[in-house]
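Participant: Sequence lines, in order, name chains A, B, C and D. 59 is the number that full-length UniProt numbering gives to position 59 of the first sequence; each next residue is one higher, with no gaps. 50 is the number that full-length UniProt numbering gives to position 50 of the second sequence; each next residue is one higher, with no gaps. 203 is the number that full-length UniProt numbering gives to position 203 of the third sequence; each next residue is one higher, with no gaps. 101 is the number that full-length UniProt numbering gives to position 101 of the fourth sequence; each next residue is one higher, with no gaps.
There are 4 protein chains.
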Amino acid sequence: MISLLFHHQSYKDPQNKLLDAALHLYTGKGFRETSVLEVVERARVSKTTFYHFFNSKEDLLVQLFQSLLEEVLQEVRRTAELETHIAHKSFAGIRRYLEICNDHRPVARLLLVSSAGLSSAVEEVRHKAHVEFAIFIYESVRVEIEQEGLVSDDQIHTAAQAMVGAINEVVIHKIIVENKKNIDELAHLLNHIAIGAFTMLAENQMSFKGGMRL
Amino acid sequence: MISLLFHHQSYKDPQNKLLDAALHLYTGKGFRETSVLEVVERARVSKTTFYHFFNSKEDLLVQLFQSLLEEVLQEVRRTAELETHIAHKSFAGIRRYLEICNDHRPVARLLLVSSAGLSSAVEEVRHKAHVEFAIFIYESVRVEIEQEGLVSDDQIHTAAQAMVGAINEVVIHKIIVENKKNIDELAHLLNHIAIGAFTMLAENQMSFKGGMRL
Amino acid sequence: MISLLFHHQSYKDPQNKLLDAALHLYTGKGFRETSVLEVVERARVSKTTFYHFFNSKEDLLVQLFQSLLEEVLQEVRRTAELETHIAHKSFAGIRRYLEICNDHRPVARLLLVSSAGLSSAVEEVRHKAHVEFAIFIYESVRVEIEQEGLVSDDQIHTAAQAMVGAINEVVIHKIIVENKKNIDELAHLLNHIAIGAFTMLAENQMSFKGGMRL
Amino acid sequence: MISLLFHHQSYKDPQNKLLDAALHLYTGKGFRETSVLEVVERARVSKTTFYHFFNSKEDLLVQLFQSLLEEVLQEVRRTAELETHIAHKSFAGIRRYLEICNDHRPVARLLLVSSAGLSSAVEEVRHKAHVEFAIFIYESVRVEIEQEGLVSDDQIHTAAQAMVGAINEVVIHKIIVENKKNIDELAHLLNHIAIGAFTMLAENQMSFKGGMRL
DNA sequence: TATGAATGAGACTTCATTCAT
DNA sequence: CATGAATGAAGTCTCATTCAT
Chain A
1 MISLLFHHQS YKDPQNKLLD AALHLYTGKG FRETSVLEVV ERARVSKTTF YHFFNSKEDL
61 LVQLFQSLLE EVLQEVRRTA ELETHIAHKS FAGIRRYLEI CNDHRPVARL LLVSSAGLSS
121 AVEEVRHKAH VEFAIFIYES VRVEIEQEGL VSDDQIHTAA QAMVGAINEV VIHKIIVENK
181 KNIDELAHLL NHIAIGAFTM LAENQMSFKG GMRL
Chain B
1 MISLLFHHQS YKDPQNKLLD AALHLYTGKG FRETSVLEVV ERARVSKTTF YHFFNSKEDL
61 LVQLFQSLLE EVLQEVRRTA ELETHIAHKS FAGIRRYLEI CNDHRPVARL LLVSSAGLSS
121 AVEEVRHKAH VEFAIFIYES VRVEIEQEGL VSDDQIHTAA QAMVGAINEV VIHKIIVENK
181 KNIDELAHLL NHIAIGAFTM LAENQMSFKG GMRL
Chain C
1 MISLLFHHQS YKDPQNKLLD AALHLYTGKG FRETSVLEVV ERARVSKTTF YHFFNSKEDL
61 LVQLFQSLLE EVLQEVRRTA ELETHIAHKS FAGIRRYLEI CNDHRPVARL LLVSSAGLSS
121 AVEEVRHKAH VEFAIFIYES VRVEIEQEGL VSDDQIHTAA QAMVGAINEV VIHKIIVENK
181 KNIDELAHLL NHIAIGAFTM LAENQMSFKG GMRL
Chain D
1 MISLLFHHQS YKDPQNKLLD AALHLYTGKG FRETSVLEVV ERARVSKTTF YHFFNSKEDL
61 LVQLFQSLLE EVLQEVRRTA ELETHIAHKS FAGIRRYLEI CNDHRPVARL LLVSSAGLSS
121 AVEEVRHKAH VEFAIFIYES VRVEIEQEGL VSDDQIHTAA QAMVGAINEV VIHKIIVENK
181 KNIDELAHLL NHIAIGAFTM LAENQMSFKG GMRL
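#1: Does the segment 153-173 of chain C come close enough to the segment 7-24 of chain D to have 3 or more Cβ pairs within less than 8 Å?
#2: Assign Q74 (chain C) to one of two classes, buried (16 or more other C-beta atoms within 10 Å of its C-beta) or exposed (fewer than that).
#3: When the cut-off is 8 Å and only beta carbons count, does K12 (chain B) lie next to chain A?
#4: For F136 (chain C), which of helix, strand or coil comes out of DSSP?
#5: Are E199 (chain B) and M200 (chain A) touching if we call contact CB-CB under 8 Å?
#6: How about L18 (chain A) and F65 (chain A): do their beta carbons lie closer than 8 Å?
#7: Report the neighbours of V72 (chain B) on chain A: residues whose CB is nearer than 7 Å to its CB, in chain order.
#8: Spell out whether any CB of chain B is found under 8 Å from the CB atom of H173 (chain A).
#9: With DSSP collapsed to three states, give me the class of G165 (chain B).
#10: What residue does the alpha helix (DSSP H) around F91 (chain C) start on, and which one ends it?
#11: Can you list the alpha helix (DSSP H) stretches of 4 or more residues lying completely in the segment 16-98 of chain A, in chain order?
#12: In angstroms, rounded to a whole number, what distance separates the CA positions of R95 (chain B) and A187 (chain B)?
#13: Do V107 (chain D) and L68 (chain D) have their C-beta atoms closer together than 8 Å?
#14: Quick check on DSSP: helix, strand or coil for D153 (chain D)?
#15: Only counting the same chain, and skipping five residues up and downstream in sequence, which positions put a Cβ closer than 6 Å to that of R109 (chain D)?
#16: Any C-beta of chain D sitting closer than 8 Å to the C-beta of I176 (chain C)?
#17: Applying a beta-carbon distance threshold of less than 9 Å, which residues of chain B neighbour E169 (chain A)?
#18: Pop quiz: A197 (chain A) and A159 (chain A) are said to be a contact at Cβ under 8 Å. What is the actual Cβ separation, rounded to whole angstroms?
#19: Given that L190 (chain C) touches chain D, what residues does it touch there, using C-beta distances under 8 Å?
#20: Which value, in whole angstroms, describes the spacing of the CA atoms of F136 (chain B) and A194 (chain B)?
#21: Who are the neighbours of I195 (chain C) on chain D, taking C-beta pairs under 7 Å?
#22: Quick one, are the C-beta atoms of A121 (chain D) and E58 (chain D) less than 8 Å apart?
#23: Step through the CB atoms of chain C and report whether any lies within less than 8 Å of the CB of H127 (chain D).
#24: Out of curiosity, what's the CA-to-CA distance linking S90 (chain C) and R142 (chain C)?
#25: I want to see whether chain D comes within less than 8 Å of T34 (chain C), judged by CB atoms only; does it?
#26: Looking at the C-beta of D20 (chain D), does it have a partner C-beta in chain C at a distance below 8 Å?
#27: Consider the Cβ of T158 (chain B): report whether some Cβ of chain A lies at a distance smaller than 8 Å.
#28: For G211 (chain D), which three-state DSSP category applies?
#29: Quick one: Cα of G76 (chain D) to Cα of Y97 (chain D), how far?
#30: What residue range is occupied by the uninterrupted alpha helix (DSSP H) comprising H173 (chain A)?
#31: Go ahead and pull the three-state DSSP assignment for N179 (chain D).
#32: Pull up the distance between the alpha-carbon of residue 216 (chain C) and that of Y26 (chain C), whole angstroms please.
#33: What number of angstroms, rounded off, separates the C-alpha of Q161 (chain C) from the C-alpha of L190 (chain C)?
#34: Below 7 Å CB to CB, which residues in the same chain sit around residue 216 (chain C) once its five sequence neighbours on both sides are set aside?
#35: Among D:R78, D:T49, D:T84, which one has its Cα closest to the Cα of E144 (chain D)?
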């Protein structure tokens, strides 16, 4: 997989030329506002080639999402692994994620806000990426807090998903819409929230029975 | 404002007939897959009338979203107000929100996953609703935890936004996709997460200075 | 019948207000380019009133044509009657006709070129007017040339019709399109042509038998 | 230019398929009563193709007129050229014209009565055809009568135009409306009228000075 | 009668997609 | 593979006409 986010040569193979052209046009003027003709003209390939590699206009978007999300996740995981202090892994990952979103704000906007509702295939790709992100969060935070194993795995997974939603929502509001620059502070805050959430979960893990409340 | 979610008579005025028809078709076969022709045929009004009330196909979606989101928020706030025990208000609101999403799963799907990316106007409506939801969370949780006033308002707002994202992400994965039925448990979990997040925030409010980490 | 061409007060009765408004708008921007709304707004009456007096937008045009063509024919006949010299009657009529077309060029354009093809009713009105004009020509010229009665009435009628076409064609090309001003010269020419045609007809009335030629 | 009037295969290229379909529909139920949808359905092409070849519904009519009028004029000129007797050329042309109008009465109706008033472009095409027809008349008749060159060219042109109007008017009344069959007699009559008109013109060419009358 | 909402038809346009050369 | 013609679906808009108040 050739990087769409971090490499900036021009691609040789038509498929990547198309993905690159699509990335620029979709982030520039939006997916719906971009016609297939514009994509193939920018990529300097023919419509025949386009339909050889992609089943439809939306398929291009799906593959583009797949590439981008994979890249982002890989980069986040790589960064966390580089962090030697075990208590800082989740922070490092979250921070890197915010950084990428901040550095490629149009791409983040495309992935997070201007994307859904286009096809179930796109939703599925996003869904899978969220699941993987949640797994990363789950695994990073788990090693940071003392877990007595009393919290069910299912609850922890749900909490991890919730944190993914929390992070993305903050990215949308703070980074994309409000254009906040202090990534470190946001990452710190989100990491705190995550740790707080998991900690609270561990402490109160037995307080819920059936319809009872805390 | 006439309720689109909870009333089920047939409307008299063409605007509501169109909104109702759109709700059914968009939740049934999707926004993009529904043509204006189908909407006006189901609503039994003319295309001219459609374009009299709505500037475009997307404008109909925007107004539909506005109505639905207002309704949901109002219902959530109303339910929280009915809860007399002050420590249970946030739980009551979250629980009601999950309940509505569960009872109207196609609508929830429309609002949460199959909607964005259609126009900036839709995004804006969703954004505003999220902000209002965050305010509700913020106000509900604030009265439940002992706040020494040491946490900045901005941080609490961000945390509230994060919680909105957390809740919606869980709704998408657990209620919409996985079709989980135990609303109470999910609400309990999410409420815990929220309280945990806010508590951790209060405890560590001073631990972050510049680029430092927890 | 109130004159639309030569009177210039504002009308009291809605029907004439509508006809007058239509005349101005149709000659100004064309029949097809004028909407019913514009007509009723200019006439300061309601759509209800419009459809009380006229069955349709085209019906208004038909009645307008009827009025205008009647007026023009009446004026042409009146002028010919005022001419005492019997040999000048046809010239006087033709001259007056050209004069009216020249003085009201937009109206002439409407009647002669921008009108047909709209409905069979319009065509019929025009057809009748042409027939009446032909009768005038026929009667005027008949008294001017010595007729031995050898020419069939049918032939003379046809020749008269031909002269109507000849006159109108010249009006279109010379007065409307080329904007020629020397009405007298044109009238003289056309009158000559008419007399020449009828004379030739009389001289050669027996030369045609079956498929033979002159 | 492929003949629309005299050929009767089905066309290959969409443009001619559309022109042919339009010819049938416009002559059958009228231009205004025919929708673009009907035209493309009859021609078995798509609306996109329609708007690729024609700018508008009216543009199709304009191009159709152009083709038809060119065809008719060409046929008339060709017939006159085949006539060896120089004194019969104008008769031959006029006769052929009447014959075509008689053989294709719906087309003649379309061209002569149900056409104008639709757009200035249509009027222009008709105007040009009339001018060309007038030139044909002028040239044909000029060689038949002894011209001393005393009549101004402008007058002869005007007379020729008048004859075009005369012929068309007779076609409308006698052939199209009254459905007369004796083409030969009508042609003979019209030719006589034309010759009479031109002769009279030549005889009296100096009798008009300024505002004087014959 | 006036007003204005509503209708229904149809013109025009853009595009994703297909197909022949 | 490239080119470009053609398709068909659907969005948008304008109007003549009708109807209720």
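Just so it is clear, CB atoms sit at the ideal spot from N, CA and C, and this is done for glycine as well. This structure is a prediction, so every number in the text was calculated from the model and none was measured.
Facilitator: Once the coordinates are examined:
#1: no
#2: exposed
#3: Not an interface residue.
#4: helix
#5: Sequence check: residue 199 (chain B) is Thr here, not Glu. In this structure, M200 (chain A) lies closer than 8 Å to T199 (chain B) by Cβ.
#6: L18 (chain A) places its beta carbon 8 Å or farther from that of F65 (chain A).
#7: What V72 (chain B) touches in chain A: nothing, since even the nearest Cβ is about 17 Å away.
#8: Chain B, which has a Cβ nearer than 8 Å to the Cβ of H173 (chain A), makes this yes.
#9: helix
#10: For F91 (chain C), the enclosing alpha helix (DSSP H) starts and ends at 89-103.
#11: Secondary structure remark: continuous alpha helix (DSSP H) runs of at least 4 residues inside the segment 16-98 of chain A, in chain order: 36-43, 47-53, 57-82.
#12: 5 Å
#13: Closer than 8 Å, so yes.
#14: helix
#15: I176
#16: no
#17: The answer, in chain order, is H130, A134, Q161, A162, M163, V164, G165, A166, N168, E169.
#18: 6 Å
#19: Under a criterion of Cβ atoms nearer than 8 Å, the residues of chain D adjacent to L190 (chain C) are, in order, A162.
#20: Their backbone Cα atoms lie some 12 Å apart in a straight line.
#21: Chain D residues near I195 (chain C): M200.
#22: yes
#23: yes
#24: If you take the alpha carbons of S90 (chain C) and R142 (chain C), they lie about 9 Å apart.
#25: For T34 (chain C), the answer is no, since every Cβ of chain D falls outside 8 Å of its Cβ.
#26: no
#27: Taking Cβ atoms only, chain A reaches closer than 8 Å to T158 (chain B), which makes this a yes.
#28: Confidence in G211 (chain D) is poor, its pLDDT being 37 and thus under 50, which makes the residue's placement too unreliable to answer from.
#29: Just to set this straight, residue 76 (chain D) is Val in the shown sequence, not Gly. Each residue's Cα considered, the two are about 6 Å apart.
#30: First-last for H173 (chain A): undefined, no H or E at that position.
#31: coil
#32: This structure gives no information on residue 216 (chain C), because the portion of chain C shown stretches from 1 to 214.
#33: 14 Å
#34: This structure gives no information on residue 216 (chain C), because the portion of chain C shown stretches from 1 to 214.
#35: D:T84
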